[in-house]
Amino acid sequence: MWFLVRCDEGKCMLCGGGSVIDIYRQLHNLHAYITLTLFQYNNAGMGGKNTKPEEPPLFNKPWREINWRDNQSALQYVKDYRPQTDGQLLRILLHGPVGAGKSSFINCVQSVLRGRMYAHALADNTTHDCFTKRYRTFKIQNERPDTFYPFVFNDIMGLDKDIYKGVHVDDVKLAMMGKVKEGYRFNPESMMLDDPFYNEHPTNNDKVHVLVCVVDANKLSFISDEAVEKIRTIRIEASKLNIPQVAILTKIDEVCPELNEDLKNIYMVKSLKAKMEEISAKVGIPMNCIFPVKNYDSEIDLNNDIDSLILSAMKHIINLGDDCINFIKSMGAEHSRFGAALAPPILSKPWREINWRDNQSALQYVKDYRPQTDGQHLRILLHGPAGAGKSSFINSVQSILHGRMYAHALVDNTSHDCFTKRYTTYKIKKGPATFYSFVFNDIMGLDPIKGVPVNDVKLAMMGHVKEDYRFNPETMLSDNDQFYNKYPTENDKVHVLVCVIDANTVPQMNEKTVEKIRDIRIEARKLRIPQVAILTKIDEVCPEIKDDLQNVYKMKYVKEKMEEFSAKVGIPMNCIFPVKNYDEEIDLNSDVDTLILSSIKHIINFGDDCINFDKDQSEG
1 MWFLVRCDEG KCMLCGGGSV IDIYRQLHNL HAYITLTLFQ YNNAGMGGKN TKPEEPPLFN
61 KPWREINWRD NQSALQYVKD YRPQTDGQLL RILLHGPVGA GKSSFINCVQ SVLRGRMYAH
121 ALADNTTHDC FTKRYRTFKI QNERPDTFYP FVFNDIMGLD KDIYKGVHVD DVKLAMMGKV
181 KEGYRFNPES MMLDDPFYNE HPTNNDKVHV LVCVVDANKL SFISDEAVEK IRTIRIEASK
241 LNIPQVAILT KIDEVCPELN EDLKNIYMVK SLKAKMEEIS AKVGIPMNCI FPVKNYDSEI
301 DLNNDIDSLI LSAMKHIINL GDDCINFIKS MGAEHSRFGA ALAPPILSKP WREINWRDNQ
361 SALQYVKDYR PQTDGQHLRI LLHGPAGAGK SSFINSVQSI LHGRMYAHAL VDNTSHDCFT
421 KRYTTYKIKK GPATFYSFVF NDIMGLDPIK GVPVNDVKLA MMGHVKEDYR FNPETMLSDN
481 DQFYNKYPTE NDKVHVLVCV IDANTVPQMN EKTVEKIRDI RIEARKLRIP QVAILTKIDE
541 VCPEIKDDLQ NVYKMKYVKE KMEEFSAKVG IPMNCIFPVK NYDEEIDLNS DVDTLILSSI
601 KHIINFGDDC INFDKDQSEG
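Residues in the sequence shown are numbered consecutively from 1, following full-length UniProt numbering.
As structure tokens, this is what we get:
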């Protein structure tokens with residue numbers, strides 16, 4: 001193992017590591033370092049024993065399938081795309097850090113569609129400042145003269161960590177709403193106000209239908225917190241406007257030498273998958289909306305494998321944008337996403353399907369669950385702000401399985417402080433001396449100042465926290481504490497992390513609390529623990545749900561709350577489940593049961609996948 005050390009003004013810090021190839025790759029991005037020292041750590045030479053062999057860089061098989069042999073069908077799909085409405089354009093807005101490759105990606109798409117190298121959008125490889133200064137629309141000429149494809153790209157000034165450099169977040173929001181005219185010159189020091197380039201009456205063609213975040217894979221680990229925060233803020237604004245979001249990860253060949261040898265290795269390279277997971281955790285874009293590509297750079301002729309990746313990304317971008325266009329059309333002009341105040345509170349049909357009539361099969365599924373290994377149980381760790389309903393959710397699950405109201409986990413509705421102080425495991429009794437094969441752990445709530453330390457949550461996920469440990473907001477659990485479990489078994493470790501959030505509080509969540517949730521998510525991802533969110537108290541935010549719980553997936557407001565939370569912390573929409581915990585009821589309710597059973601069924605599936613993955617890894 002080689003390490004890279006930065007020495008600057010008398011201070012030294014570790015700033016990179018890996019193979020020699022990794023080090024030189026990292027040097028490429030470290031322009032400002034005063035002194036760089038390269039040294040090797042040899043475990044055996046330092047007295048170490050049983051050196052673990054280096055993990056192979058490739059998976060045995062690709063984790064995502066792509067058709068490398070048939071570019072023609074994907075190319076034809078993109079070329080043949082037409083919106084349902086004549087004259088409608090699909091507008092794709094690219095944003096991201098300076099130098100990520102936004103303009104280069106546009107050029108690549110044009111090159112693939114035109115069958116030759118093309119450089120319509122100017123790209124600059126000689127500066128770290130932003131090259132794009134104006135708001136420009138790039139149309140791609142069709143095969144017929146004076147005709148263009150019905151999708152267009154907009155390239156904007158890059159994001160920068162310095163508030164006095166880079167595009168204003170508010171300008172990006174205005175661009176998404178169609179309020180920025182062609183040719184507007186971005187000003188890092190002031191956003192667009194009372195400007196001749198302000199479009200007061202945007203048409204549907206002016207508005208953005210897909211937001212694409214372009215990130216350089218080389219610099220992902222070095223993106224500043226300020227730039228990440230800008231990307232998250234833009235994501236939240238896009239979610240409010242119902243604009244789908246995608247990420248393009250560029251320069252992948254520069255971070256993975258295996259891809260220089262064969263680009264078809266892309267979905268087999270472990271380090272690249274880790275990069276994609278890293279950006280997903282940082283900015284909140286789901287993995288199935290992240291596409292790694294290699295832009296054309298040094299090539300003078302088209303390459304089939306490069307084309308495959310670009311066409312795969314474009315096909316998905318077009319599909320998402322077309323869904324957005326059709327959604328706007330179905331809502332009607334007066335009820336568009338840009339007139340949310342006029343939008344109907346209840347959609348004509350649910351946006352997510354759920355079976356309200358047959359609780360019995362879902363209940364039996366949960367009751368019958370068994371891990372493949374005898375004696376193994378599935379551990380579910382609940383975390384989230386104080387008062388979100390973690391203990392109530394545990395009680396609700398137990399009530400359904402027992403067929404009557406149950407209150408094993410103590411709940412307090414009289415205080416805004418955390419009621420759970422100790423690390424407690426809740427087993428659900430199945431028979432006289434038997435229990436279900438999944439258990440819940442409830443921990444102290446998150447709080448901006450008080451609440452459980454993030455490191456204690458990490459230790460709990462790793463199985464290092466013993467039963468009944470009393471959380472201390474001011475100090476974290478140390479390895480010499482009597483409640484520190486030095487030798488955790490597979491049963492001690494967490495298999496699903498569930499973030500429980502009160503739907504009422506999503507817009508007002510403290511940024512420090514959000515940051516804690518993100519940090520916990522990143523730690524869980526490192527441990528390969530799947531993550532789910534439970535959105536509670538949905539009946540309190542929507543009177544229509546209080547009247548009829550079956551309206552839950554028809555409520556635009558609930559969907560917006562879920563999208564907002566997804567954008568804030570990075571949990572994908574298909575891993576967020578709105579529920580109503582049992583609160584004032586004294587008898588079970590079929591609709592309440594349906595939502596809780598739906599969520600617990602998915603939680604069990606995710607946890608079982610985690611158990612089986614760990615088992616396969618240990619056997620391998």
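Positions of the beta carbon are idealized from the N, C-alpha and C atoms, including for glycine.
Euclidean distance between Cα positions of residue i and residue j
| i | j | result |
| --- | --- | --- |
| valine 255 | asparagine 551 | 48 Å |
| aspartate 206 | arginine 91 | 8 Å |
| phenylalanine 565 | valine 452 | 21 Å |
| residue 621 | valine 569 | Only positions 1 to 620 of the chain appear in the structure, and residue 621 is not among them; the question remains open. |
| valine 506 | valine 579 | 15 Å |
| methionine 461 | glutamate 229 | 26 Å |
| phenylalanine 327 | leucine 459 | 44 Å |
| leucine 174 | valine 180 | 6 Å |
| histidine 402 | methionine 157 | 58 Å |
| aspartate 468 | arginine 422 | 5 Å |
| asparagine 187 | proline 202 | 21 Å |
| lysine 429 | alanine 388 | 25 Å |
| threonine 425 | serine 271 | 35 Å |
| proline 62 | isoleucine 520 | 28 Å |
| phenylalanine 435 | glutamine 508 | 39 Å |
| proline 57 | alanine 524 | 22 Å |
| lysine 427 | valine 78 | 53 Å |
| leucine 302 | arginine 114 | 10 Å |
| aspartate 583 | lysine 390 | 12 Å |
| alanine 433 | alanine 362 | 24 Å |
| glutamine 40 | isoleucine 400 | Low per-residue confidence applies at glutamine 40: pLDDT is 44, beneath 50, and the placement is therefore not dependable, though the value from the model is reported in the following sentence. Spanning the two alpha carbons is a distance of roughly 58 Å. |
| alanine 341 | leucine 249 | Confidence is the limiting factor: at alanine 341 the pLDDT is only 37, short of 50, which leaves the residue's position unreliable, though a coordinate-based value still follows. C-alpha separation (whole angstroms): 36 Å. |
| lysine 561 | valine 454 | 25 Å |
Exposure of residue i, with buried meaning 16 or more beta-carbon neighbours within 10 Å
| i | result |
| --- | --- |
| serine 599 | buried |
| leucine 30 | Bear in mind that the predicted position of leucine 30 carries a pLDDT of just 45, short of 50, making it unreliable; the figure below should be weighed with that in mind. By the neighbour-count rule (16 or more Cβ atoms within 10 Å), leucine 30 is not buried but exposed. |
| isoleucine 140 | buried |
| phenylalanine 438 | buried |
| histidine 128 | Unreliable positioning characterises histidine 128 in this predicted model, as indicated by a pLDDT of 44, which lies under 50. A coordinate reading is not provided. |
| tyrosine 198 | exposed |
| glutamine 372 | exposed |
| aspartate 587 | exposed |
| glycine 87 | exposed |
| phenylalanine 148 | exposed |
| aspartate 80 | exposed |
| serine 103 | buried |
| arginine 235 | buried |
| alanine 274 | exposed |
| aspartate 146 | exposed |
| phenylalanine 613 | exposed |
| threonine 137 | exposed |
| isoleucine 300 | exposed |
| threonine 489 | exposed |
| glutamine 110 | buried |
| phenylalanine 222 | exposed |
| glutamine 398 | buried |
| cysteine 130 | Because cysteine 130 carries a pLDDT of 43, less than 50, the predicted location of this residue cannot be relied on, and the following value inherits that uncertainty. Buried, because 16 or more other Cβ atoms sit within 10 Å of the Cβ of cysteine 130. |
Nonlocal neighbours in the same chain, by C-beta distance under 6 Å from residue i, ignoring five residues either side
| i | result |
| --- | --- |
| histidine 209 | Leu90, Arg91, Gly321, Cys324, Ile325 |
| cysteine 108 | Asn295, Tyr296, Ile310 |
| glycine 445 | Pro385, Ala386, Cys418, Gly451 |
| valine 496 | Ile380, Pro530, Ile603, Phe606, Gly607 |
| isoleucine 611 | Pro371, His495 |
| leucine 382 | Lys390, Asp442, Val498, Val500 |
| aspartate 262 | none |
Sequence-distant residues of the same chain with beta carbon closer than 7 Å to residue i, five excluded per side
| i | result |
| --- | --- |
| lysine 546 | Asp539 |
| proline 286 | Ser280, Pro572 |
| asparagine 71 | Asn304, Asp307, Ser308, Leu311 |
| proline 83 | Leu90, Pro150, Asp322, Ile325 |
8 Å contact criterion, which residue i and residue j should meet: CB distance rounded
| i | j | result |
| --- | --- | --- |
| cysteine 289 | alanine 238 | Not confirmed; about 12 Å, so no contact. |
| tryptophan 351 | tyrosine 553 | 6 Å |
| leucine 211 | glutamine 245 | 5 Å |
| asparagine 581 | phenylalanine 440 | That pair is no contact at about 13 Å. |
| isoleucine 346 | methionine 117 | Not confirmed; about 52 Å, so no contact. |
| glycine 101 | valine 214 | 6 Å |
8 Å CB neighbourhood of residue i in its chain, flanking five on each side removed
| i | result |
| --- | --- |
| arginine 232 | Val283, Gly284, Ala567, Lys568 |
Item to check | Contact the region 281-293 vs the region 303-314: 3+ CB pairs below 8 Å | outcome: yes
Item to check | the region 521-530 touching the region 479-486, judged by at least three CB pairs closer than 8 Å | outcome: no
Next on the checklist: Below 8 Å, how does it come out for the region 471-480 and the region 492-505: are there three or more Cβ pairs, yes or no?
Outcome noted: no
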